[in-house]
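Peer 1:
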Amino acid sequence: MRNIDSYTHTRGESVYLDDIPVLDGTLYATVYGSPVAHGKITKLDLTAALAMPGVVRIFTYKDIPGKNQIGGIVPDEPLLAEDEVHFNGMPVALVVATSVEIAQAAVKKINFEASPLPVITDPRVAQQNGSLLVSPRTFRIGDSAEAFKSCKYIYEGIAETNGQEHLYIETQGAYAYPVEHGNIRVYSSTQGPTAVQRHMADVLGVGMHQVEVDVTRLGGGFGGKEDQATSWAIFCGLAAYLLKKPVKYSLHRMEDMRMTGKRNPYSSDFKIGLDENYKIKAYEATFYQNGGAAADLSPAVLERTLFHCTNSYFVPNVTATAYSCKTNLPPNTAFRGFGGPQGMFVIEAAIAKAAEQLGVPASVIQERNLLHTGNEFPYGQIAVSEAAACWTKANTLYNIDSIKAEVDGFNTAHKLYKKGVSYMPICFGISFTKTLMNQARALVHVYMDGSIGVSTGAVEMGQGVNTKMLQVAATIFSVSPSLIKVYSTNTYRIANTSPSAASATADINGKAVQIACENILARIREVAASILQEEIGKISIKDEKVCVDGKPSAISWKELISAAYVRRVSLSEHGHYATPEIHFDLAKEKGHPFAYHVYGTAITTVTVDCLRGTYEIDAVQVVHDFGTSMNTIIDRGQIEGGLVQGIGWMTMEEIVFDKEGRLRSNALSTYKVPDIYSVPKRLEVDFLETDKDNLAIFRSKAVGEPPLMYGIGTFFAIRNAVKAFNPNSNIDFSAPATPEKVLMGLYHSTNE
Amino acid sequence: MLYFILNDKEIATSLQPGMTLLDFIRYQQKLTGTKIGCREGDCGACTVLVGEIKDGELVYTSATSCLMALGNAQGKHIVTVEGINIEGLNAVQQAFAEEGATQCGFCTPGFIVSLTGYCMRSETPSYHRAIDAMNGNICRCTGYKSIERAANAITQKLEERNNQPALQFAIEQKMIPAYFLTIKERLQQIPQQESSGTLAAKKLGGGTDLYVQQHDVMEHAAIDFLFDKIALNGISQEGNTCKMGGAVTAADISDSPIFKKHFKQLDEYIKLVSSTQIRNMATIAGNFTNASPIGDFTIFFLALDAQLTLSGSSQKRQLPLRDLYLGYKQLNKTEDEIIENINFELPGDDDHFSFEKVCKRTNLDIASVNSALYLKMNGDTIVKAGLSAGGVGPIPAYLPKSSAYLIGQTVSFELINELIGIIQIEISPISDVRGTESYKRLLLAQLVKAHFIKMFPAIPVEKLLSIA
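These protein sequence lines map, in sequence, to chains A and B. When you read off a place in the first sequence, starting at 1, and then add 5, the result is the number in the working numbering. When you read off a place in the second sequence, starting at 1, and then add 9, the result is the number in the working numbering.
#1: Please list, in chain order, the residues of the stretch 50-71 of chain A that have any C-beta partner in chain B closer than 7 Å.
#2: Within 10 angstroms of its Cβ, does MET453 (chain A) collect 16 or more other Cβ (buried), or is it exposed?
#3: Any beta carbon of chain B sitting closer than 7 Å to that of THR265 (chain A)?
#4: Using a threshold of 7 Å, state whether the C-beta atoms of SER368 (chain A) and TYR271 (chain A) are closer than that.
#5: Out of B:GLN274, B:VAL420, B:THR164 and B:ALA100, which one is the CA nearest neighbour of ALA467 (chain B)?
#6: At 7 Å on the CB atoms, spell out the chain A contacts of PRO118 (chain B), in chain order.
#7: Would you call the CB atoms of ALA108 (chain A) and VAL100 (chain A) closer than 7 Å?
#8: At a CB-CB cut-off below 9 Å, which residues of chain A make contact with THR445 (chain B)?
#9: Mind checking the stretch 405-429 of chain A against chain B and listing, in chain order, the residues whose C-beta falls within less than 8 Å of any C-beta there?
#10: Is the Cβ-Cβ distance between ALA517 (chain A) and ALA447 (chain A) less than 7 Å?
#11: Just to confirm, are TYR582 (chain A) and ILE520 (chain A) a CB contact at a threshold of 7 Å?
#12: What in chain A is Cβ-close to GLU96 (chain B), meaning under 9 Å?
#13: What's the gap between the Cα of VAL746 (chain A) and the Cα of LEU451 (chain B)?
#14: Put SER11 (chain A) into one of helix, strand or coil per three-state DSSP.
#15: Cα separation between GLU757 (chain A) and LYS593 (chain A)?
#16: Beta strand (DSSP E) containing SER320 (chain B): first to last residue?
#17: At which residue ranges does the stretch 578-647 of chain A contain complete beta strand (DSSP E) runs of 3 or more residues, listed in the order of the chain?
#18: Taking only beta-carbon atoms, is LYS366 (chain B) less than 7 Å away from chain A?
#19: Excluding the 5 residues preceding and the 5 following GLU228 (chain B) in the sequence, name in chain order all residues of the same chain whose CB lies nearer than 7 Å to its CB.
#20: Restricting to runs no shorter than 4 residues, where is the alpha helix (DSSP H) found entirely within the stretch 328-413 of chain A?
#21: Could you tell me the distance, in whole angstroms, from the CA atom of GLU104 (chain B) to the CA atom of THR31 (chain A)?
#22: Please work out which residues of its chain come closer than 6 Å, Cβ to Cβ, to ASN188 (chain A), disregarding the five sequence neighbours upstream and downstream, and give them in chain order.
#23: Between A:SER11, A:LYS556 and A:GLU118, which lies nearest to THR47 (chain A) when the distance is taken from Cα to Cα?
#24: Alpha carbon to alpha carbon, how far is ALA164 (chain A) from SER397 (chain B)? Give it in angstroms, no decimals.
#25: Please check if any C-beta of chain A sits within less than 7 Å of the C-beta of LEU79 (chain B).
#26: Would you give the residue range spanned by the alpha helix (DSSP H) that GLY750 (chain A) belongs to?
#27: Per the contact definition of three or more C-beta pairs closer than 8 Å, is the stretch 263-281 of chain B in contact with the stretch 108-123 of chain B?
#28: List the endpoints of the continuous alpha helix (DSSP H) containing ARG667 (chain A).
#29: Taking 7 Å as the threshold (beta carbon to beta carbon), is VAL457 (chain B) in contact with chain A?
#30: Please determine, among A:ALA607, A:ASP512 and A:GLU539, the residue with the shortest C-alpha to C-alpha distance to PHE599 (chain A).
#31: Only counting the same chain, and skipping five residues up and downstream in sequence, which positions put a Cβ closer than 7 Å to that of ALA568 (chain A)?
#32: Looking at C-alpha atoms only, which residue of A:SER255, A:ASP232 and A:GLN233 is the closest neighbour of CYS241 (chain A)?
#33: In three-state terms, what does DSSP make of SER263 (chain B)?
#34: So SER377 (chain B) contacts chain A; which residues on that side make the cut at Cβ distance below 8 Å?
#35: Going along the chain, which residues of the stretch 466-485 of chain A sit with their C-beta nearer than 8 Å to a C-beta in chain B?
#36: Using the rule of at least 16 other Cβ atoms within 10 Å of the residue's Cβ for burial, across every protein chain shown, is ALA410 (chain A) buried or exposed?
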């Protein structure tokens, strides 16, 4: 089934935040962000800005009626700066004016001065200074120190991954207006409506019940609108509440890039130990996460780095420690993969280093250490693994021998170009690692004409979750999709939602829809049984017909619904789902945090232009563990899109901050994401379909985040090509592999 | 007053002609299918089609409406996604829907407009051209593979066109609504712009740079619109000299038979320069006066020793492009002077020309370093040489010493090595967001090698690629 929004999307009729018709008298907000990354505020003079015609008011922290606090995990993030600023772009004042242009012009007239404080942008420096956002954490299995003593081969090194700008094409934004009794309604482009509601209530000093958050859809999120959509919504809400006027703020791209956090950069140390059969016996890693100026979601991101520090491999002795370092960058945040990719990159680097030193392909080490069912993860969960199944199928399906022969032949024949090939196996745990967040609710109404309305806590941001919710309802009721409408996500209809994140949105909300629909179904089957004078066990509904023993009766879906209504049977249901089986003990760092894992293997082939240092991706060939895909168009789209986003992170997407903490890659002209020419020429996706039971909705495994990590394979394929040209290259394990790093790597000379 | 057609509607507006077309479409006309992604022409979410009558034919090109002045819409047909909607999905929309080529949907209208515009052009359809039509559109969700599949489906449909007129075929195939057949006649009825008569301080070409740098100033500025002035358009040849008007665009060069004949790799060069949408708007003279140290066409024409005719309020004068730059963003040109003409000597059959560019993303990106080399040959001897390089100093650089060194020489491995040594003394790159100094030095050396490898295939490549 195709995406249910494709009709309005392609016609330009889908409504995003900035497309909502504005009410008369709407005012426009713009934030004044700190021009320095760290300092004590000595002057904030608003006189000239306030004097501008059309400027209605400028708010500072002093105007906040409730708490000046929006930190989700740790209360360390003021909505508006008070005495100090901690990153360049930190909101200091909120200008409200009669037009966007006036608001933007007024911002330029604000007179701000600060006495400078030291600016730290490097997480290792922050860690040395004891500047951490939360206490460090360590995951342990076996005894790595002891195990290293018996390892035949031990290698150490450093691996680094830069941040990543989300670059949702729709920038952040919100539109709030006051409704009667001092309540606020806000349209927000957020993945986390409840986070907006909760923090706005705190800031305004009202109850959550007074704040209605409504989300129709996002023009992309990727984690960037999980926590970081909140402040923009509150700015609008605050101004609307205090001015009693509708207030809108749709960020300019450069404001968005400057003021919002990105994927956490990491710098990490690794030490890997292998035995004579290349079995990894011991692994140690220390992760220095660049958290930025406030905790935001970094502590949770850090946790997932530890969960995925051994990727798709079984390592019996592991010690992994992670520091969440406080720096003077915008608070970094969730981004597809959520720390997992950063953790996986490090062990892939460790394996690559071992392979280079041993003179064997990395794939030899990778394959020998793949996880098998029954293996224990460092956090205590026992694997139900498809790792080897995906790897083996990829080898045969894509004929790895011919790929290797072609690459070798090409490299022998060509001087100007070299090819490189790599494997990237993945293993990604599905569930929020914070167990309590694994709950969801759905509200299903069957209207008296037989049409159906579905509300959930899921936010549609392109991942096709609304289509999947509709499929669940259509499947349970066995009715045409045309009878069903999935409504906007609204905190008045669905309370206490978890954000649409962790790849788990379709699973947990889908299960809630399933429960709600099944409960309604049970009631209407009872009605049918009574009308037909049959046992309820014989009654089913198929293709909008009531069936007895599977044979259609004379009663249609619509007639049955009408009859149920007449009999005063409830046709509405609020379904609640809490993921079973999962638990985690933070004191021991052990438990069973994931409902299940998703596996896969990607084989990547690239060609490097050894004259210019540029490269093309010839092919990425994937075997992915889908369970049983409930929507192959959407799921394929997630693989392709996630992979390309991962490739971008590993190749051209380079975030540049200067030493003063100023973002230099602050526009689409200086920060490049993949365009239509830069994607793999060939991208094949094979669906590994399994019939094992799992906790996914309709056994269709979560697919949002895992494919991003296939992109890591591109880094190692490029590295292999560079090594084919210059075996002595010192090219670092430092992503992204920009054309600069590649060219410098190609021509690195040991004589220098 | 400004007059144009927006979709199926005649527009007469007295709004500021410096307002962007995007703001007019979205906030005045409330046509919200045209999206805002970056406001600097780098995402394509605001793509519209611009129809105008050229040589008696109604021709449509794409443009990013965020960089297009409302004043530049005068007398044209502007088409947004709403203007191509028909009853049900059009063929392009249908292909996108079927292939799952839309996820969050925010970039989608821009893609649809770009590809639909391609369906309205008369050139021989090919899959690669269909992709090229969307090369200025960025999608963050799909990874483009589904968009490629949709383009493939559309190409197959277009291949059935044979010799039918493109617009007629597009209407029959439900790619665009039928009103397009009335546009040509309606455009001929459009009144001329009524000038406000105020003294215009700002000279505006295509706007692709001014609207990035001075969006807020331009909206309220008094503007002298140069883009459509007939005297500033056209590419012609007199003897060996090519003459271009100051408003000639990158797309005009791309389409020019003169350029195609004299620059065999023209398509490859063009592909490295911005995107289809931007090339339709960006003027060569604008690239020169922008004075970016990495302007692609500036580097291209510096090597060719282009000569400029500058026209001011009181006088005209000639100036070599190589003398236009006095320092970083400082021009040997007064505010009221415009580049009226650009002349240069076309390379002959035995001469060599090469343009090279490397950036973080190969396409639609600003160069880390770019370079052009022009060699006029007499047998094996170089009789005239022009070497230029961008990104290696405060101005787009013509390298006089390096160029002079080549004259009278024959090409050899040793010559190239010596040349690279001279280049390294002549340039002064700095570390910035586009690369470190040492990278830019190495990269330029590599690009110079690339020039020679392409020009002289007999050069020992292996020696040139050796690691120091």
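All C-beta atoms, glycine included, are put in the ideal place defined by N, C-alpha and C. Here the structure is a predicted model, which is why all the values come from computation and not from measurement.
Peer 2: Reading it off the structure:
#1: Against chain B - using a Cβ distance shorter than 7 Å - the stretch 50-71 of chain A contributes no residues.
#2: exposed
#3: no
#4: Contact flag unset, no.
#5: B:VAL420
#6: GLY17
#7: yes
#8: GLU745 and MET749
#9: Considering only beta carbons, the part of the stretch 405-429 of chain A lying closer than 8 Å to chain B consists of LYS420 and LEU421, in chain order.
#10: yes
#11: yes
#12: Going along chain A, no residue has its Cβ under 9 Å from GLU96 (chain B), so there is no contact; the nearest lies around 11 Å.
#13: Looking at the sequence provided, one finds Lys at residue 746 (chain A) rather than Val. So the two alpha carbons sit approximately 12 Å from each other.
#14: helix
#15: Residue confidence for GLU757 (chain A) is low, a pLDDT of 45 falling below 50, so the modelled location carries little weight; the figure read from the coordinates is stated next. Cα to Cα, the separation comes out at about 49 Å.
#16: Looking at the DSSP string, the run of the beta strand (DSSP E) that includes SER320 (chain B) is 316-320.
#17: 588-590, 595-597, 601-614 and 620-632
#18: no
#19: GLN25, GLY27 and MET28
#20: Listed in chain order, the complete alpha helix (DSSP H) runs (minimum 4 residues) inside the stretch 328-413 of chain A are 345-363, 367-373 and 392-402.
#21: The question names Glu, but residue 104 (chain B) in the sequence shown is Ala. Taking the straight line joining both Cα atoms gives about 39 Å.
#22: GLN215
#23: The residue with the shortest Cα to Cα distance from THR47 (chain A) is A:GLU118.
#24: 38 Å
#25: Chain A, which has no Cβ nearer than 7 Å to the Cβ of LEU79 (chain B), makes this no.
#26: 744-751
#27: no
#28: Counting along the chain, ARG667 (chain A) falls outside any alpha helix (DSSP H), and DSSP gives it neither H nor E.
#29: no
#30: Considering only alpha carbons, the answer is A:ASP512.
#31: VAL532 and ILE536
#32: A:SER255
#33: Secondary structure of SER263 (chain B) (DSSP, three-state): helix.
#34: By Cβ distance, chain A contributes PRO744 and GLU745.
#35: Hits within the stretch, in order: MET466, GLY467, GLN468 and GLY469.
#36: exposed
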